[in-house]
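Q: Questions regarding the structure given below will be posed in turn.
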Amino acid sequence: MRFGTIAIFLGGITLGGVLAAAVFFWLAGDGGEAPVAVKTERPEWMAAPQVAPAAKKKEEKPRALIVGVIGPETGPEAEYGLAVLTGIEMAAERFNAQGGLRGEKIKVIHHDDSGGSGQAMDIAEALIAKNVVAIFSAPTGWSTFAPTHLVNNARTVFISIGTRRKIARSGEYIFHFALPDETAIDEMLGYAVEELGHGNFALITSSSYDYSLSIASVFKQAVPRRGGKIVLEADTYDSFSGKTDITKVAAALKAQQAGPDRVQAIIFTGGAQEAARLTQSLATLAADGGPRLPLIGGEDLFSPAFLEQGGPAVRGALVYATFAPDHPSPLVADFVAAHKVRKNSVPDRFAALAYDAFGLLTQALTAAPSLRGGAVREALVNLGEAEGVSGPGRWAANGTPIKQSHLYRVEDSQTGPRFALVSTKARKQ
């Protein structure tokens, strides 16, 4: 039907209604008999549309007092998965020894996902089917990334331990627990500028290492914010040869020292082995009459390999760490002692983070009105800052961690270079 035809048709209906009303009132006013009311039915096409009733929201069932752990327990990445598992088991044993949740003990179920992403997904599905209250994962790729959408759709709290990636964007039930590089770098540069008097920095990257480029961008933003200046940028990777070339970097530093903006400290964003080689080149530069330039680096340098391979040349280096095993706190001392009894070794940052994250979860379980996923999630993001073996920590509303760093400088000792704790507190923000 054309538009003009529709308009005429509707106009006819309106005019007909007006004429019928006029006839009705003329008859009534003329003393005629009242017209008999005729019941009319609205045509089917004019009927109001029927609105379907709103679908009932699926009621979420309370969870069992069980936590799952996903991570490699065999293969080349087993050290990460086993460290996380150890930290969680230690925290669970402590919690249960203190009475558990209103008298009920929490159970830990763990699975090895060294087989890859498919295995990680299968494990996550099995844990969801068991109605676990939360799932922890190791920082390894498959453990952290494969199950995120699955667990979020199931409204199951998922906490990745130690990952450097921003996984909280994957959903409101996804959390990660690690020291944010942005926080640690800002605190470390504040110490370098305010306490050590460094102002001019060289930024040395290792472009063959993706993480090096990632934290280099963080350093670039933090240096001017803290009142410093980057006067030289260089990279240890030679794109022509496809190899690392430390001598090229040393030559650039030597040339820079001849100008007005002399470098006072070197920021290096690569790994421990390259950092050790760089410090040895810097020591040679100093022996030839150049200045002795201290190294500033990320948590990758907080390792025995850096001290052993660098030797005396690493003295004065400044690095940050998630966990300070030599912190004087009784909480840390007890944790380290218990780990030594259990594993005959000092715990690493992954074990410490897992221990603390489990502790925060149990606080949330105690505070939550029920063990439903939504209630536990709300309790987690509303927790106040709590002291843990890795320092104070909590989560922001989007599941990202809020933590502080520990700063170390390398000093000489009778047994060789060692890391000395210089700060465990955030400097001026």
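Numbering follows the working numbering, in which position 419 of the sequence shown is assigned residue number 1274; successive positions increment by one, without gaps.
Note that the Cβ used here is the ideal one computed from N, Cα and C, for glycine as well.
Computed from a predicted structure; not experimentally measured.
#1: By the 10 Å Cβ neighbour count, where 16 or more other Cβ atoms means buried, how is F1178 classified, buried or exposed?
#2: Does DSSP classify P1256 as helix, strand or coil?
#3: Between the region 1038-1049 and the region 1164-1179, do three or more beta carbon pairs fall short of 8 Å?
#4: Tell me whether A947 sits in a helix, a strand or coil according to DSSP, three-state version.
#5: By a C-beta neighbour count over all protein chains shown, 10 Å radius and 16 as the cutoff for buried, is D1090 buried or exposed?
#6: Of all the options M945, D968, D1203, E980, which has the alpha carbon lying nearest to the alpha carbon of P927?
#7: Can you tell which of A1120, L1148, F1030, A938 has the C-alpha that lies nearest to the C-alpha of K1084?
#8: Taking the C-alpha atoms as reference points, what is the distance between G971 and W997?
#9: Within the region 1060-1142, note down every full beta strand (DSSP E) run reaching 3 residues or more, in order along the chain.
#10: If you check the beta carbons only, do V987 and A919 fall under 8 Å apart?
#11: Report yes if the C-beta distance between F1013 and L1235 is below 8 Å; otherwise report no.
#12: Exposed or buried, which one is E1242 when buried takes at least 16 other CB atoms within 10 Å?
#13: Runs of 4 residues minimum, wholly inside the region 1145-1206: which ones carry the alpha helix (DSSP H) assignment?
#14: Whole angstroms are fine: how far does the CA of L1148 sit from the CA of R1117?
#15: Taking only three categories from DSSP, how would you classify N1007?
#16: Report the residue ranges of all alpha helix (DSSP H) runs contained in full by the region 953-984; include only those spanning at least 4 residues, in chain order.
#17: Quick test of your reading: I1059 and P1002, contact by CB under 8 Å. State the CB separation rounded to the nearest angstrom.
#18: From this set, Q1135, A1192, S1225, which residue's C-alpha is nearest T1102's C-alpha?
#19: Cα separation between V1201 and I943?
#20: Across the region 1218-1227 and the region 970-984, are there enough close Cβ pairs to call them in contact, namely three or more that are closer than 8 Å?
#21: Just confirm the distance between the C-beta atoms of A1207 and S1245, as a whole number of angstroms; I'd bet it's less than 8 Å.
#22: Once the 5 residues before and after Y935 are set aside, which same chain residues still bring their CB inside 8 Å of it?
#23: Using the three-state DSSP reduction, which class does L937 fall into: helix, strand or coil?
#24: Any idea what DSSP makes of L1262, helix, strand or coil?
A: Well, looking at it:
#1: With 16 or more neighbouring CB atoms inside 10 Å of its own CB, F1178 falls in the buried class.
#2: Collapsing the DSSP output to three states places P1256 in a strand.
#3: Contact between the region 1038-1049 and the region 1164-1179 is present, because at least three Cβ pairs lie under 8 Å.
#4: Three-state DSSP puts A947 in a helix.
#5: With 16 or more neighbouring CB atoms inside 10 Å of its own CB, D1090 falls in the buried class.
#6: Checking every option, the nearest Cα to that of P927 belongs to D968.
#7: When only C-alpha atoms are compared, the closest one is A1120.
#8: Cα atoms of G971 and W997: separation of roughly 6 Å, rounded to the nearest angstrom.
#9: Residue ranges of uninterrupted beta strand (DSSP E) with 3 or more members, entirely inside the region 1060-1142 and ordered along the chain, are 1084-1090, 1120-1123.
#10: In this structure, A919 lies closer than 8 Å to V987 by Cβ.
#11: Contact: no.
#12: By the neighbour-count criterion, in which 16 or more other beta carbons inside 10 Å mark a residue as buried, E1242 falls on the exposed side.
#13: Listed in chain order, they are 1159-1165, 1185-1198.
#14: Answer to the nearest angstrom: the Cα atoms are 10 Å apart.
#15: Helix, per DSSP.
#16: Within the region 953-984, the complete alpha helix (DSSP H) runs of at least 4 residues fall at 972-984.
#17: Not really, about 37 Å apart at Cβ, beyond 8 Å.
#18: It is Q1135 whose Cα lies nearest to the Cα of T1102.
#19: Looking at the two C-alpha atoms, the distance is approximately 16 Å.
#20: No contact exists between the region 1218-1227 and the region 970-984.
#21: Taking the Cβ atoms as the reference, A1207 lies roughly 4 Å from S1245, within the contact range of under 8 Å.
#22: Correct list, in chain order: G926, P927, A993, P994, T995, G1017, F1205.
#23: In the three-state DSSP reduction, L937 falls in the helix class (H, G or I).
#24: Residue state for L1262 is assigned as strand, using DSSP reduced to three classes.
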